[in-house]
Amino acid sequence: MMKRTTSIVCACILLAIAAASRAVDTSKLIGVDLWSVKPVQHVEPPADGEAAKWSSNPIDRFVRAAQQQRGLTPVKPADRRTLIRRAYFDLIGLPPTPEQVAAFVNDKRDNAWSKVIDELLASPAYGERWGRHWLDVVRYADTAGDNSDYPVPQLYKYRNYVIDAFNDDKPYDQFIREQIAGDLMPHADDAERREHIIATGYIALSRRFGSQVKNYPQYLTIEDTIDNLGKSVLGLSINCARCHDHKYDPISNDDYYALYGFFASTQYAFPGIELLRAQKDFVPLIPQEQADAKLAPFREKIAAEQKKLDDLLGQRSKAQKELTAAKNARSKVKDDADKQDVDKQVTELTQRVDALRKQYKKQERVISSARQNKPHIEDAYGICEGKPMDVHIQVKGNPKDKGPLAKRHFLTILGGQTLPTEVKDSGRLQLAQWLTAKSNPLTARVMANRIWQHHFGVGIVATPNDFGNRGKPPTHPKLLDYLAKRFMSDGWSIKKMHRLVMTSKTYQLASDNDPANARIDPTNDYLWRARVRRLDAEAIRDTMLAISGKLDRQPLNEPHPFPSPDKWNFTQHRPFKAVYESNKRSVYLMTQRIQKHPYLALFDGADTNASTGQRDASTTTLQALYMLNDPFVHEQADALAARLIDGAKQDTQRVRQAFEMVYSREPSEGEVKMTLDYLNQIQARYKAVGSDQAEPRRAAWASLCRAMLRSNEFLFVE
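Note that the sequence shown ends on residue 979 in my numbering; no numbers are left out.
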């Protein structure tokens, strides 16, 4: 621990020296007065008497003060059944059981609500829910995105790293550093080293392009890296400065290529493409010297076989040239005898070229077979150090048109720190430290806003990936700064932010409408009521599985069932495509870059090719048809019907249980009567067509369950 602390302190000193030695000229940058790049201010919550009296924590004071300025009055608190359902879906993406609802409703202790929050934050399901939010932002997929969309079986390790990081409440600044420079960070033991390498999957999963080996468009992959880094961590569209200075935000063309240099100095794992169907440069999860020793005999054999292949290629090329020359000579020969000699030579050379071609193909198969016997070394789709370099500006984004050299440095508007002269590597560790420095005004603001967004449906900044001049300004700027400061002072703990937000009265308001408030603030920007929100794709599917009793709650700690690598003959015209059915949580579904998952795409799942800061919540005919007709919905409804029939002796009890399981509330007497009437009518219809006694009852209950699953009350959270 002492070594680790010392190294970080030394690095910070070097950064401070570098920052002091660089004079930053921002006078020529457009938008230097941008609110989001100004320092985070220390803000005290408003001390107004009425706001303080109404409030239960500092958040409420900011919110209530803004409401008072606009003549708004918050609605009443949500009832306990509504509140616990909201909390469960917010924190774990699953509904509470009837027993959990009843326990909370009947718990009269002052700390009952805090206890629910703590229990949910301690659940493994929390990381699966909030890890999914991060995977949206970093455009996670299980394939590479090249023309053939090659699978990357090892990527599940990064997904699980993210889930574990949220469950462990890993400090957010550390979480970011590990993903950008985990391979360069100190580690206490092999387990921590392994974790750090897997974390760099964030950089490695940048989208791949094309199918060529020669002139592989790595610059497009680096562009994707920079684009995502800017949006996910800083909330800035840095990529707009690739071809010229940013049109709207204070980011120069030089800044873009300064960042480019960090990643041009980095070796990305290669997933394979159409014309090179083998993985390479994956990072071993055992120490490199052990991996090298284990791989040495294999590499020697492959090198020897490759030499044979190269020799055959040389012989074939030589024979082909001789054949071409002989064919050219034949056209000039006049004498018949000479023509016969030349024809004989052409025939022999043709046979030799064909034979060498066959030998070459055979040797290719030998090498391919030898590669299948590569010693197994567990590895990760990650990054490691390449050749350190600064890069030239690519004029108008053209990699073949070189402009001035851009020295690696941080964004000018955020300090413009350059690499200390002592740094001889890529500089990614320094980049990660600049990004997570408390003096950086963006990183904490952006993440605090994301946490707020997922609790209230809309962020304080409604454009979570764009804190620039083209984004929306904050509705509560002082509250955002308070949250950002609090986030950092609380050790960058995301779970502490959850507790702060959810213990506020603002979070616990009902979703009731108020006409007077609606006239003043029709979009509820000032939080006088809770927003009614549709469940996202994962929560809809997971909830159906949960209440049907079919949800497999075990994490997926292995690769998806991709085809064997020796069958990976994917091409641009025959790309990889698959859908793997599973009863595990939806965060574990296999997702692709080119082929959209049919269910997730239907219900506005994240874009796997670009950062999704906020999902859409559409209402379409296809969604309704899915809930009506899809076999998955019918299977869950049938399983739920079986649970209800087996779970109670009387239909009245079963109806009450259905409402509690699906809606987290008890039915009214009128709803009980209406539901029983419906069941009797449906059962009578089934009997009329000649079914036996048991089947009509089961079919009627399944019909009821389908109707409940496609209702708004199931699909929306108040």
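Where is the CB? At the ideal position from N, CA and C, for every residue including glycine. Keep in mind the model is a prediction, meaning the values are calculated, not measured.
Is the separation between the beta-carbon of residue i and that of residue j shorter than 8 angstroms?
| i | j | result |
| --- | --- | --- |
| ASN659 | GLY496 | no |
| PHE717 | ARG792 | yes |
| THR983 | GLU535 | Any answer about residue 983 is impossible in this case: the structure gives the chain only from 262 up to 979. |
| THR852 | ALA402 | yes |
| ALA530 | TYR417 | no |
| ARG341 | GLY522 | no |
| ARG904 | GLY810 | yes |
| ARG794 | VAL978 | yes |
| VAL544 | ASP640 | yes |
| VAL923 | MET969 | yes |
| GLU683 | VAL627 | no |
| THR343 | ALA800 | no |
| THR873 | VAL398 | yes |
| LEU584 | THR611 | yes |
| ALA980 | ILE563 | No answer is possible for residue 980: it lies beyond the span of the chain, which begins at 262 and ends at 979. |
| LEU796 | THR804 | yes |
| ILE378 | ARG760 | yes |
| TYR517 | GLY729 | no |
| GLY720 | ARG711 | yes |
| ARG591 | VAL614 | no |
| GLN328 | TYR787 | yes |
Mapping the DSSP letters down to three states, classify residue i as helix, strand or coil.
| i | result |
| --- | --- |
| HIS737 | coil |
| PHE216 | With the chain covering only 262 through 979, there is no way to say anything about residue 216. |
| PHE977 | strand |
| LEU970 | helix |
| GLN601 | helix |
| HIS716 | helix |
| GLU646 | strand |
| HIS895 | helix |
| ILE654 | strand |
| GLY677 | coil |
| LEU666 | strand |
| PRO545 | strand |
| ARG794 | strand |
| PRO859 | helix |
| MET262 | Here the model assigns MET262 a pLDDT of 37, short of 50, so the residue's position is not dependable and the matter cannot be decided. |
| ASP813 | strand |
| LYS369 | coil |
| THR697 | helix |
Roughly how many whole angstroms lie between the Cα atoms of residue i and residue j?
| i | j | result |
| --- | --- | --- |
| ASN973 | TYR887 | 14 angstroms |
| LYS376 | LEU396 | 28 angstroms |
| PHE920 | ARG971 | 13 angstroms |
| ALA272 | ASN818 | Unreliable positioning characterises ALA272 in this predicted model, as indicated by a pLDDT of 44, which lies under 50. A coordinate reading is not provided. |
| ASP371 | SER384 | 22 angstroms |
| SER268 | LEU445 | Reliability of the predicted coordinates at SER268 is poor, the pLDDT of 43 falling under 50, and no value is obtained from them. |
| TYR433 | PRO307 | 28 angstroms |
| LYS314 | GLU380 | 29 angstroms |
| THR635 | GLN624 | Residue identity check: residue 635 is Lys in the sequence provided, not Thr. Each residue's alpha carbon lies about 17 angstroms from the other. |
| TRP695 | TYR480 | 23 angstroms |
| ALA326 | MET650 | 52 angstroms |
| ARG454 | TRP789 | 48 angstroms |
| VAL336 | THR767 | 10 angstroms |
| LEU965 | ASP899 | 10 angstroms |
| MET758 | ARG747 | 8 angstroms |
| PHE975 | LEU901 | 14 angstroms |
| ALA616 | TYR860 | 52 angstroms |
| ASP488 | TRP962 | 51 angstroms |
| SER825 | GLN633 | 10 angstroms |
| LYS431 | PRO816 | 19 angstroms |
| TRP482 | ARG469 | Reading off the sequence shown, one finds Thr at residue 482, where the question assumed Trp. If I take the Cα positions, the gap works out to 6 angstroms. |
Please identify the residue among the options whose C-alpha is closest to the C-alpha of residue i.
| i | options | result |
| --- | --- | --- |
| GLU896 | ARG802, TYR849 and ALA723 | ARG802 |
| ALA519 | ARG577, LEU680, ALA867 and ARG420 | LEU680 |
| GLN540 | TYR411, LYS492 and VAL656 | TYR411 |
| THR764 | ILE345, ALA586, LEU295 and GLU311 | ILE345 |
| MET708 | SER929, SER317, LYS492 and HIS834 | LYS492 |
| ALA807 | GLY732, THR585, VAL894 and VAL656 | VAL894 |
| ILE353 | ILE499, HIS715, LYS910 and ALA552 | HIS715 |
| THR697 | TYR419, ALA442 and CYS504 | ALA442 |
| ALA386 | ASN421, LEU741 and PRO359 | ASN421 |
| LEU692 | THR334, LYS593, GLN440 and HIS394 | GLN440 |
| ARG322 | ILE943, VAL762 and ALA862 | VAL762 |
Can you check the segment 474-537 for any beta strand (DSSP E) of at least 3 residues that lies completely inside it and give the ranges in chain order?
527-529
Which ranges does the alpha helix (DSSP H) cover as unbroken runs of at least 4 residues, wholly within the segment 306-376, from first to last along the chain?
Complete alpha helix (DSSP H) runs here, min 4: 310-315, 319-330, 341-352 and 359-367.
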